[in-house]
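Before any comments, here is the structure.
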Amino acid sequence: MRSGDVIDRIVIIGGGISGLSSAFYLQREAQRQNRQIRVTIVEGAPALGGKINTLKRDGFVIEKGPDSFLARKQPIIDLAEELGIEQQLTATNPAAGKTYILHQKKLHAMPPGLVLGVPTEIAPFVRSSLISWGGKLRALMDLVLPARPAPEDESLGGFLERRVGTEVMRRIAEPLLAGIYAGDLKKLSLQATFPQFAQSERKYGSLIRGMVSNRKATAAAAKGKAKASTFLTFKGGLSAMVEALDSAMPEVERRLGVNVAAIKQNREQPEAPYSVELADGEKLAADYVVVTTQAFAAADLLEPLVDVSELRSIRYVSVANVVMAFDKATFGLEFDGSGFVTPRSEGLSITACTWTSSKWLHSSPADKVLLRCYVGHSEDQETVKLPDDELIAAVRRDIKTTMGITAKPQFTEITRLDHSMPQYPVGHVQNQKALRERLSRELPGVWITGAAFDGVGLPDCIRQGKEAAAAILNDGTA
């Protein structure tokens, strides 16, 4: 650890939630250590926030990127409290508790007790029309099937298929969990996505028994608004958190609207171990560098300096969301839930539809309706590329097919998120551990973090930003 009057220069590449969290906690940790630092955030976009983007239009609060976060994940709650914006947190509408799954072009309510696609209440699951009797019996065999003793990684889909059967995996779990990763469960790492599933099998001998126990423990530990809601957001939109972070760090330097062209290692100038070269020609001397970009962008910067083949193994999926606003008087439909998801077997363009004005009461004027439809999956990257008019037409066909909606939207907002969803391959956890160990040896002071590594949700990125700050100020090691 450097000490005395030395000022540590830290360059953070990427101004999304991972980069902002890293900067915020770097400040906090430096203050705790009575250490002098100078932090610079470099962001290619003209504004901070990354995928977080709240649009306020005609009385609507519209999320063009992520719209909420899991209430049980504490890092984002802690950050809200530290920023003094915890009073802005809001829960989902308690009257919109139902969620549906499309099956054979009809909406079926998810049975109570379904947690991440795993039944934790047997009677409602058995009564559900979503699964055949054969599929139900196969799922319940999880209660008697032996556990696999070996802790090796496997695909998420393969694990679920092994424990609860193909029908539950494809018809329920995949459309629910694919909404998080937009991926094929048979290609995603179990350890990197839902390690609690494997832990349940090992500890309880059954996925179902383990999830029942986890559900009870989570409910008992829940605090505040998290007790009544699975998801939370901010009344003014998620951008409120970005704005609060921005305001809390006036001394952090910003370089917005410019990309990083290269990271150079200054072996002969130990007083400036790294030089971060920007596309506009500026060079930033750095003692430490935090890279929070997508894996392929991080690989482009680091590959001239070190082997980063593990980063190249992470594929990305592009997605889009189509938000439509309607006049309630002509809409012709009342919602009793928060939305629905669609298995790929249904053959639709949309993967899910959130009844936003029903789920989030702050999102829409009382006399309006707001819908948000999701497009894009690892096995369907063509729909995302459709021209705006064709994409809107495809989405409107799907909402007519599924819900009978024929009303014309008052306006439509399309957001395309290119290469935004990392696909964690089997072996991802071990790959990233090996990569970080190599970086520690060969590029001391360089840290990689963000959605590409240990969780794509906002709380996961915030936690990783905090961990990066602690690692950087502990001589750049974990």
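In this text, residue positions in the sequence shown follow the working numbering: the first is 4, and each later residue adds one.
Cβ atoms here follow ideal geometry from the backbone N, Cα and C, with glycine treated the same way.
For Lys101, which beta-bridge partners are listed by DSSP? Stepping through the sequence shown from its first residue, residue 101 is reached at position 98. DSSP output for Lys101 lists Gly340 as bridge partner(s).
Verify whether the separation of the beta carbon atoms of Thr359 and Ile353 is less than 9 Å. Within the sequence shown, residue 359 is the residue found at index 356, counting from 1. Within the sequence shown, residue 353 is the residue found at index 350, counting from 1. The answer is no: Cβ separation not under 9 Å.
Can the beta-carbon of Arg258 be found closer than 9 Å to that of Gln426? Counting from one through the sequence shown, the residue named residue 258 turns up at place 255. Counting from one through the sequence shown, the residue named residue 426 turns up at place 423. Their beta carbons are not under 9 Å apart, which means Arg258 does not touch Gln426 by this criterion.
Is Glu177 closer than 9 Å to Gly138 when the C-beta atoms are compared? As a working mapping, residue 138 is identified with position 135 in the sequence shown. As a working mapping, residue 177 is identified with position 174 in the sequence shown. Cβ atoms of Gly138 and Glu177: not closer than 9 Å.
If the criterion is Cβ atoms closer than 9 Å, does the pair Leu287 and Val279 meet it? One-based indexing of the sequence shown puts residue 287 at position 284. One-based indexing of the sequence shown puts residue 279 at position 276. Yes. Within cutoff.
So, for Gln435: in the same chain, excluding its five sequence neighbours on each side, which residues have a beta-carbon less than 7 Å away from its beta-carbon? Stepping through the sequence shown from its first residue, residue 435 is reached at position 432. So the list reads Glu313 and Phe456, once near-sequence residues are dropped.
How many angstroms separate the CA atom of Ala99 from the CA atom of Thr233? On the sequence shown, residue 99 is found 96 positions in, with the first residue counted as 1. On the sequence shown, residue 233 is found 230 positions in, with the first residue counted as 1. In this structure, the straight-line span from the alpha carbon of Ala99 to that of Thr233 is close to 12 Å.
Taking the continuous alpha helix (DSSP H) assigned at Met424, which residues delimit it? Reading the sequence shown from its first residue, position 421 is the one you call residue 424. Premise fails: Met424 lies in the beta strand (DSSP E), Phe414 to Gln426, not in any alpha helix (DSSP H).
Determine the extent of the beta strand (DSSP E) in which Lys286 is found, giving its start and end residues. The residue given as residue 286 occupies position 283 in the sequence shown. Lys286 to Ala289 is the extent of the beta strand (DSSP E) around Lys286.
Does the Cβ-Cβ distance between Phe343 and Leu117 come in under 9 Å? Residue 343 sits at position 340 when you count from the first residue of the sequence shown. Residue 117 sits at position 114 when you count from the first residue of the sequence shown. No. Outside cutoff.
Whole alpha helix (DSSP H) elements within the segment 291 to 373, 4-residue minimum: You should have 298 to 305, 312 to 315, 331 to 334 and 359 to 362.
For Gly379 and Thr386, the rounded distance between their alpha carbons: By 1-based counting over the sequence shown, the position of residue 386 is 383. By 1-based counting over the sequence shown, the position of residue 379 is 376. Cα-Cα distance, rounded: 7 Å.
Neighbourhood of Lys429 by C-beta distance below 6 Å, restricted to the same chain and skipping five residues each side: One-based indexing of the sequence shown puts residue 429 at position 426. Checking the sequence, you will find Val at residue 429 rather than Lys. Excluding sequence neighbours, Val429 sits near Asp156, Ser158 and Ser192.
Assess, as a yes-or-no matter, whether the segment 464 to 471 is touched by the segment 20 to 33 under the definition of 3 or more beta carbon pairs within less than 8 Å. Yes, since at least three Cβ pairs between the segment 20 to 33 and the segment 464 to 471 fall closer than 8 Å, the two stretches touch.
Excluding the five sequence neighbours on either side, which residues of its own chain have a C-beta within less than 6 Å of the C-beta of Arg12, listed in chain order? If you number the sequence shown from 1, residue 12 lands on position 9. For Arg12, the CB contacts under 6 Å within the same chain, skipping 5 residues up- and downstream, are Arg41, Ala288, Ala289 and Asp290 in chain order.
For Thr123, count neighbouring C-beta atoms within 10 Å of its own C-beta (all shown protein chains included) and say buried if the count is 16 or more, exposed if not. As a working mapping, residue 123 is identified with position 120 in the sequence shown. Taking all protein chains shown into account, Thr123 has 16 or more neighbouring C-beta atoms within 10 Å of its C-beta and is therefore buried.
State the start and end residues of the unbroken beta strand (DSSP E) segment that holds Gln268. To locate residue 268, count along the sequence shown from 1; it is residue 265. Counted as a single uninterrupted DSSP element, the beta strand (DSSP E) harbouring Gln268 occupies residues Val263 to Gln268.
What do you get for Ile10, buried or exposed, if any count of 16 or more other CB atoms within 10 angstroms of its CB means buried? Here residue 10 refers to the residue found at position 7 when the sequence shown is read from its first residue. With fewer than 16 other Cβ atoms within 10 Å, it is exposed.
For Asn269, which residues from the same chain have a beta carbon less than 7 Å from its beta carbon, with the 5 sequence-adjacent residues on both sides left out? Here residue 269 refers to the residue found at position 266 when the sequence shown is read from its first residue. In chain order, Ala275, Pro276, Tyr277 and Ser278 place their CB closer than 7 Å to the CB of Asn269, counting only its own chain and leaving out the 5 sequence neighbours on each side.
Taking all protein chains shown into account, decide if Asn324 is buried (16 or more other Cβ within 10 angstroms of its Cβ) or exposed. Looking up residue 324 in the sequence shown gives position 321. Buried: at least 16 other Cβ atoms inside 10 Å.
For the segment 56 to 115, list the alpha helix (DSSP H) runs that are entirely contained and at least 4 residues long, ordered along the chain. The DSSP assignment places complete alpha helix (DSSP H) segments of no fewer than 4 residues inside the segment 56 to 115 at 77 to 86, in order along the chain.
Short of 6 Å in beta carbon distance, which residues of its chain neighbour Leu305, apart from the five on each side in sequence? Order them along the chain. Position 302 of the sequence shown, counting from 1, holds the residue named residue 305. Listed in chain order, the non-local C-beta contacts of Leu305 below 6 Å within the same chain comprise Val311, local neighbours out to five positions each way being set aside.
Alpha-carbon spacing of Lys371 relative to Ala332, whole angstroms: For the purposes of this step, residue 371 is taken as residue 368 along the sequence shown, with counting starting at 1. For the purposes of this step, residue 332 is taken as residue 329 along the sequence shown, with counting starting at 1. The alpha-carbon atoms of Lys371 and Ala332 are separated by roughly 8 Å.
Taking all protein chains shown into account, do 16 or more other C-beta atoms lie within 10 angstroms of the C-beta of Phe414, making it buried, or fewer, making it exposed? Translated into the one-based positions of the sequence shown, residue 414 becomes position 411. Looking at its Cβ environment, which holds fewer than 16 other Cβ atoms inside 10 Å, Phe414 is exposed.
Who are the near neighbours of Ile402 in its chain, counting only those whose CB is closer than 6 Å to its CB and skipping five residues on each side? The residue you call residue 402 lines up with position 399 of the sequence shown. Correct list, in chain order: Ile408.
Tell me the DSSP bridge mates of Ile15? Residue numbering aside, residue 15 sits at position 12 when the sequence shown is read from its first letter. For Ile15, DSSP records a beta bridge to Ile44 and Val293.
Look at the Cβ atom of Gly52, then the Cβ atom of Gly87, and state whether they are nearer than 9 Å. As a first step, residue 52 is located in the sequence shown; it is residue number 49 there, counting from the start. As a first step, residue 87 is located in the sequence shown; it is residue number 84 there, counting from the start. No, they are not a contact pair.
Hey, Cys376 and Val432: beta-carbon distance below 9 Å or not? Sequence index remark: in the sequence shown, residue 376 carries index 373 (1-based). Sequence index remark: in the sequence shown, residue 432 carries index 429 (1-based). Judged by beta-carbon spacing, Val432 lies beyond the 9 Å limit of Cys376, meaning their Cβ atoms are not closer than that value.
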